């Protein structure tokens, strides 16, 4: 998954600063639907991280059945917090 491609797919632009509030809400909702239907573990995780960055990620216990996946998501959250990204 390429970050710019995902931005264009869900928000219609590859510039995060150009995402209109309505497009943000609609894009996050579309990501949630795709996340719920996605079977590939790696793609699910990538979608979750994108939703997290845009404030729309489901809780870890809802998103991931596997404790290792929840721990990886926690690590991602910690990295983003340290970077000032979320």
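Residue numbers (UniProt numbering): 1 to 86.
Idealized CB from N, CA, C, for every residue including glycine.
Because the structure is a prediction, the values reported are computed rather than measured.
In this structure, the straight-line span from the alpha carbon of residue 19 to that of residue 71 is close to 30 Å.
Take residue 61, set aside five residues on each side of it, and the residues of its chain with a beta-carbon closer than 8 Å to its own are 70, in chain order.
With a minimum length of 3 residues, there is no unbroken run of beta strand (DSSP E) contained wholly in the region 11 to 76.
Closest in C-alpha terms to residue 7, from the list 78, 46, 65, comes 46. Under the three-pair Cβ rule at 8 Å, the region 75 to 86 does not count as touching the region 28 to 43. Check the Cα spacing between residue 63 and each of 82, 84, 33, 10: the tightest is with 33.
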